[in-house]
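So the sequences go chain by chain: A and B. With our numbering, the residue at position 335 of the first sequence is 335, and numbering never jumps. Remember, our numbering sits 1000 above the position in the second sequence when you count from 1. In this text, a Cβ means the ideal position worked out from N, Cα and C, and glycines have one as well. Note that the structure is predicted; figures quoted are calculated from it, not measured.
2 protein chains.
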Amino acid sequence: MLPTIKWDKDKVIMIDQRKLPEEEIYVEARDYNQVAEAIEKMIIRGAPAIGVAAAYGIALGILEVQEKEDVAEKFLQACERLEKTRPTARNLFWAIKRMKHIFEHNSNLPFAQLKEKLIDEAAAIEKEDIEANRKIGDWGKELIEDGQSILTHCNAGELATAGYGTALGVIRAAFNQGKKIQVYAGETRPFLQGARLTCWELDRLKIPVTLITDNMAGSLMQKGRVSLVITGADRIARNGDAANKIGTYTLAVLAKEHGLHFYVAAPLSTIDFGISDGQEIPIEQRSPEEVREIKGRCITLPQVKVMNPAFDVTPASYISAIITEKGIARSPYEKSLEGLEKI
Amino acid sequence: MLPTIKWDKDKVIMIDQRKLPEEEIYVEARDYNQVAEAIEKMIIRGAPAIGVAAAYGIALGILEVQEKEDVAEKFLQACERLEKTRPTARNLFWAIKRMKHIFEHNSNLPFAQLKEKLIDEAAAIEKEDIEANRKIGDWGKELIEDGQSILTHCNAGELATAGYGTALGVIRAAFNQGKKIQVYAGETRPFLQGARLTCWELDRLKIPVTLITDNMAGSLMQKGRVSLVITGADRIARNGDAANKIGTYTLAVLAKEHGLHFYVAAPLSTIDFGISDGQEIPIEQRSPEEVREIKGRCITLPQVKVMNPAFDVTPASYISAIITEKGIARSPYEKSLEGLEKI
Chain A
1 MLPTIKWDKD KVIMIDQRKL PEEEIYVEAR DYNQVAEAIE KMIIRGAPAI GVAAAYGIAL
61 GILEVQEKED VAEKFLQACE RLEKTRPTAR NLFWAIKRMK HIFEHNSNLP FAQLKEKLID
121 EAAAIEKEDI EANRKIGDWG KELIEDGQSI LTHCNAGELA TAGYGTALGV IRAAFNQGKK
181 IQVYAGETRP FLQGARLTCW ELDRLKIPVT LITDNMAGSL MQKGRVSLVI TGADRIARNG
241 DAANKIGTYT LAVLAKEHGL HFYVAAPLST IDFGISDGQE IPIEQRSPEE VREIKGRCIT
301 LPQVKVMNPA FDVTPASYIS AIITEKGIAR SPYEKSLEGL EKI
Chain B
1001 MLPTIKWDKD KVIMIDQRKL PEEEIYVEAR DYNQVAEAIE KMIIRGAPAI GVAAAYGIAL
1061 GILEVQEKED VAEKFLQACE RLEKTRPTAR NLFWAIKRMK HIFEHNSNLP FAQLKEKLID
1121 EAAAIEKEDI EANRKIGDWG KELIEDGQSI LTHCNAGELA TAGYGTALGV IRAAFNQGKK
1181 IQVYAGETRP FLQGARLTCW ELDRLKIPVT LITDNMAGSL MQKGRVSLVI TGADRIARNG
1241 DAANKIGTYT LAVLAKEHGL HFYVAAPLST IDFGISDGQE IPIEQRSPEE VREIKGRCIT
1301 LPQVKVMNPA FDVTPASYIS AIITEKGIAR SPYEKSLEGL EKI
């Protein structure tokens, strides 16, 4: 198992995902602000992993409480700081909500016990995420047939979660059944999570992977070389509209045009039952430098105008199924997702 | 006018397109082999520009003839070397054919006169290309309305031609009419012609341009921010199927899904009337390093398997119109293109 994120007594250890695969460097965060910065800078990324990081960040916030400080105030400070890191990932707000729930129901306990409860809850979020991913893999593997070629985007693997992965969890579960599959990994500009992280993970798992630039996907499908598409998600609305890494919507359109299934793999913690459709999902706009520069080198005019939305929204009508830890949801999603949530 | 390529007495001068926009460096080729290498290494690229370069390369080949050498043999050597540089661009073979035609019809002339004829023919190919592009601009500008946002891919500008540009020729002709337009330039991985060359050209022309990563195109269209798509072409089959830079087909599918026009701008020299459809167009496979490395830095596992087709084929059914120097062809293209060719 990859140490995407680990709690270690009074600190959080994360692998620096900006440096992979060139360097395996581990970063330590000793206060909630360092965790928040790690999320903002994408030292750690991927909706489920961000959720776990936020929970541990809040736990660190509680450890920081000084003798005369107000515990509730400090707790809320940590929550607010972490809520501001990235707007799209549902799991971030979901994890913070869980921590708030524990705090509210245990605020009368002695401080040492409250602290324990909060650290335990963060650890539970981590553990449950890994379990959820394994179940997602178990459900999803049945959608993959022997000999198929699977196109994925960005990184929805161990590095994007507490472990095992969502979209890559499905792929590895199918691979572990002995199915002869191969993966096409879209490089995922601008941040290159596909080229850097997905290729690295699949190589470690000995799952055959071929790297493509994002704009090759259509041509590959046209030639009949892609059997299906599977991605993760950062936030899914009640109706099944799914926000995921920029470029996902393009793949969904291409899949439709070529009659291929387009699957989304995500835990129920990614589903935002509070919003009716994808238009309500806030889309993070990131720095223009991420587009203008690659590895610190400018690839265009330094002053050129740039767009950098980190995510796009794939309407539910393009999604063949959403694979969750409790089962596979199909259209109409409002009904199927709610049904799974209630199990 | 940009000096994409220039004949200078006994040499060919080209701007090194690999170095733009960081550096404006000019490369001199003094024999046909140096021109061939410049095409292979993409110092010069773009189907029409490659055609002009090949013609001048052959002219250099003739200048290289030593006293006792066989002129015809040397001429054919130069043709064969240049034919092997890049397989997809139709204009390359078209230009070489024109040079062969001049050679065959003038091989009885004294050597000095034959030499003149060949240099003149190469210069004519250059001049005609610029004229053709201006006419493409004149025809095409009527397809663009005031206030529209145009998405283009790769670079089909001055740098891809002898001058003025094909797709960018249409855009600048519309801009010069006073139409308030703006351009979205897809960065065009792996070689980044959009980020490096199209942004640079449009900036020089003061045409508003916004750079996007290729995978943002779908999301932009979904939000209604793209009015139409226009690209160049490297080879067009008799039935209108068009090979162009990898990623073009994906844009054509997206345009169809969003009800947008998808236009191809190319001179008739790009049309290969000898092949019935796009399946017959040879697609160049380039080095995996172009995908694995950006500006010399590896962006993935050094050993990862990679695909790198330089072009894809957009079926004619996705193309709203093909804009040529003799007019605008529409479906059925077999008839309309042949009609224009005969004018």
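Original post:
Okay, do the segment 38-46 of chain A and the segment 2-16 of chain A touch, 3+ Cβ pairs below 8 Å being the bar?
Top reply: Cβ pair count under 8 Å is three or more, so yes.
Subject >> Contact belief for E325 (chain A) with I144 (chain A) at Cβ below 8 Å, rounded distance in angstroms >> reply: In the first sequence, residue 325 (chain A) corresponds to position 325, counting from 1. In the first sequence, residue 144 (chain A) corresponds to position 144, counting from 1. Incorrect: roughly 17 Å between the Cβ atoms, too far for contact.
Original post:
Name the DSSP bridge partner or partners of T1324 (chain B)?
Top reply: Translated into positions along the second sequence, residue 1324 (chain B) becomes position 324. The beta-bridge partner set that DSSP reports for T1324 (chain B) consists of B:G1327.
Original post:
Is P1309 (chain B) closer than 7 Å to Q1285 (chain B) when the C-beta atoms are compared?
Top reply: The sequence position of residue 1285 (chain B) within the second sequence is 285, counting from 1. The sequence position of residue 1309 (chain B) within the second sequence is 309, counting from 1. With respect to the 7 Å criterion, Q1285 (chain B) and P1309 (chain B) are classified as neighbours on the basis of their beta carbons.
**OP:** For M1221 (chain B), collect the residues of the same chain with a Cβ closer than 6 Å to its Cβ; drop the 5 residues on either side in sequence, then sort them by chain order.
**Re:** Along the second sequence, one-based indexing puts residue 1221 (chain B) at 221. Excluding residues within five positions, the ones whose Cβ falls inside 6 Å are L1254 and H1258.
Original post:
How is F311 (chain A) classed by DSSP in three states: helix, strand or coil?
Top reply: By one-based count along the first sequence, residue 311 (chain A) stands at place 311. The answer is strand: DSSP assigns F311 (chain A) an E or B state.
**OP:** In angstroms with no decimal places, state the Cα-to-Cα distance between H153 (chain A) and E104 (chain A).
**Re:** What you label residue 153 (chain A) is simply residue 153 of the first sequence in a count that begins at 1. What you label residue 104 (chain A) is simply residue 104 of the first sequence in a count that begins at 1. Answer to the nearest angstrom: the Cα atoms are 39 Å apart.
Subject >> Short-range partners of chain B found in the segment 209-237 of chain A, where Cβ spacing is below 8 Å >> reply: Taking 8 Å as the upper bound on Cβ-Cβ separation, chain B lies near residues V209, T210, L211, I212, T213, D214, N215, M216, A217, G218, S219, L220 and Q222 of the segment 209-237 of chain A.
Subject >> Where the segment 1305-1319 of chain B meets chain A: residues whose CB sits under 7 Å from a CB there >> reply: Within the segment 1305-1319 of chain B, the qualifying residues are K1305, V1306, M1307, P1309 and D1312.
Original post:
Would you say Y318 (chain A) and G240 (chain A) are within 7 Å of each other, going by their C-beta atoms?
Top reply: Here residue 318 (chain A) corresponds to residue number 318 of the first sequence, with the count starting at 1. Here residue 240 (chain A) corresponds to residue number 240 of the first sequence, with the count starting at 1. Their beta carbons are not under 7 Å apart, which means Y318 (chain A) does not touch G240 (chain A) by this criterion.
Subject >> Residue of B:V1291, B:A1266, B:E1064 and B:L1337 minimising C-alpha distance to F1191 (chain B) >> reply: Stepping through the second sequence from its first residue, residue 1191 (chain B) is reached at position 191. Here the closest residue by C-alpha is B:V1291.
Original post:
Run through DSSP, which three-state label would M1221 (chain B) get?
Top reply: For the purposes of this step, residue 1221 (chain B) is taken as the residue at position 221 of the second sequence. Three-state DSSP puts M1221 (chain B) in a helix.
Original post:
So is I1181 (chain B) in contact with chain A if we call contact Cβ pairs under 7 Å?
Top reply: The residue given as residue 1181 (chain B) occupies position 181 in the second sequence. When Cβ-Cβ separations below 7 Å define contact, I1181 (chain B) makes no contact with chain A.
Original post:
Does the beta-carbon distance from G1163 (chain B) to G1157 (chain B) come in below 7 Å?
Top reply: One-based indexing of the second sequence puts residue 1163 (chain B) at position 163. One-based indexing of the second sequence puts residue 1157 (chain B) at position 157. In this structure, the beta-carbon distance from G1163 (chain B) to G1157 (chain B) does not fall below 7 Å.
**OP:** For the segment 1228-1244 of chain B and the segment 204-222 of chain A, state whether three or more C-beta atom pairs, one from each stretch, are separated by less than 8 Å.
**Re:** At 8 Å Cβ cutoff, the stretches do not touch.
Original post:
Can you list the residues of chain B that A195 (chain A) reaches, using a CB-CB cut of under 9 Å?
Top reply: The count along the first sequence starts at 1 and reaches residue 195 (chain A) at position 195. Within chain B, V1291, R1292, I1299, T1300, L1301 and V1304 have C-beta atoms less than 9 Å from the C-beta of A195 (chain A), given in sequence order.
**OP:** Indicate whether the contact test is met: 3 or more Cβ pairs, each with one atom in the segment 264-279 of chain A and one in the segment 296-311 of chain A, closer than 8 Å.
**Re:** Segment contact: the segment 264-279 of chain A against the segment 296-311 of chain A, fewer than three CB-CB distances shorter than 8 Å; contact not assigned.
Original post:
Any chance the segment 63-78 of chain A sits against the segment 102-118 of chain A, with 3 or more Cβ pairs inside 8 Å?
Top reply: These segments touch.
Subject >> Validate contact between the segment 1116-1135 of chain B and the segment 1090-1099 of chain B using beta carbons, cut 8 Å, 3 pairs >> reply: In short, these stretches touch, since the Cβ pair count reaches three.
Original post:
If you run the structure through DSSP and keep just helix, strand and coil, what is C154 (chain A)?
Top reply: What you label residue 154 (chain A) is simply residue 154 of the first sequence in a count that begins at 1. Note: C154 (chain A) maps to coil in three-state DSSP.
Original post:
Hey, is K295 (chain A)'s beta-carbon within less than 7 Å of any beta-carbon in chain B?
Top reply: By 1-based counting over the first sequence, the position of residue 295 (chain A) is 295. So, interface residue.
**OP:** Give the residues from the segment 1247-1269 of chain B that approach chain A closer than 7 Å (Cβ to any Cβ), ordered along the chain.
**Re:** If the cut-off is 7 Å between Cβ atoms, the segment 1247-1269 of chain B has G1247, Y1249, T1250, V1253, L1254 and E1257 near chain A.
Original post:
Could you give the residue range of the beta strand (DSSP E) that holds I15 (chain A)?
Top reply: The residue labelled residue 15 (chain A) in the question sits at position 15 within the first sequence. For I15 (chain A), the uninterrupted beta strand (DSSP E) run begins and ends at K11 to I15, by DSSP.
Original post:
Between which two residues does the alpha helix (DSSP H) harbouring Q182 (chain A) extend?
Top reply: As a position in the first sequence, residue 182 (chain A) is number 182, starting the count at 1. No alpha helix (DSSP H) contains Q182 (chain A), which is instead part of the beta strand (DSSP E) from Q182 to G186.
Original post:
What did DSSP end up calling T248 (chain A) once you bin it into helix, strand or coil?
Top reply: Taking the first residue of the first sequence as 1, we reach residue 248 (chain A) at position 248. Looking at T248 (chain A) - three-state DSSP - the assignment turns out to be helix.
Original post:
Taking 7 Å as the CB-CB cut-off, is D203 (chain A) touching chain B?
Top reply: Residue numbering aside, residue 203 (chain A) sits at position 203 when the first sequence is read from its first letter. Under the Cβ distance rule, D203 (chain A) counts among the residues neighbouring chain B, one pair being separated by less than 7 Å.
**OP:** Indicate the three-state DSSP secondary structure (helix, strand or coil) for L1143 (chain B) in the structure shown.
**Re:** Here residue 1143 (chain B) refers to the residue found at position 143 when the second sequence is read from its first residue. Secondary structure at L1143 (chain B): helix, using DSSP grouped into helix, strand and coil.
**OP:** Out of A:E24, A:L337, A:A49 and A:G61, point me to the one whose CA is closest to Y32 (chain A)'s CA.
**Re:** To locate residue 32 (chain A), count along the first sequence from 1; it is residue 32. It is A:G61.
Subject >> Closest residue to S269 (chain A) among A:E293, A:A49, A:A174 and A:G247 (Cα-Cα distance) >> reply: Counting from one through the first sequence, the residue named residue 269 (chain A) turns up at place 269. Checked all of A:E293, A:A49, A:A174 and A:G247; the closest Cα to S269 (chain A) is A:A49.
Subject >> Beta-bridge partners of E1284 (chain B), as assigned by DSSP >> reply: The residue labelled residue 1284 (chain B) in the question sits at position 284 within the second sequence. DSSP output for E1284 (chain B) lists no bridge partner at all.
Subject >> E1293 (chain B) - partner residues in DSSP beta bridges >> reply: What you label residue 1293 (chain B) is simply residue 293 of the second sequence in a count that begins at 1. Answer is B:C1298.
Subject >> Y1056 (chain B) versus B:Q1177, B:R1030, B:K1295 and B:E1073, residue with shortest Cα-Cα distance >> reply: Indexing the second sequence from 1 puts residue 1056 (chain B) at position 56. Measuring from the Cα of Y1056 (chain B), the nearest candidate turns out to be B:R1030.
Original post:
Along chain A, which residues have their Cβ under 8 Å away from the Cβ of L1192 (chain B)?
Top reply: As a working mapping, residue 1192 (chain B) is identified with position 192 in the second sequence. The contacting residues are I299 and T300.
Original post:
Name the DSSP bridge partner or partners of H261 (chain A)?
Top reply: As a first step, residue 261 (chain A) must be located in the first sequence, where it is residue number 261. Here H261 (chain A) is bridged, per DSSP, to A:L228.
**OP:** Could you spell out where the alpha helix (DSSP H) holding K1097 (chain B) opens and where it closes?
**Re:** Taking the second sequence and counting its residues from 1, one reaches residue 1097 (chain B) at position 97. R1090 to N1106 is the span of the alpha helix (DSSP H), which, as asked, contains K1097 (chain B).
Subject >> Where L1211 (chain B) falls: helix, strand or coil (DSSP) >> reply: In the second sequence, the residue the question calls residue 1211 (chain B) occupies position 211. If DSSP states are grouped into helix, strand and coil, L1211 (chain B) belongs with the strands.
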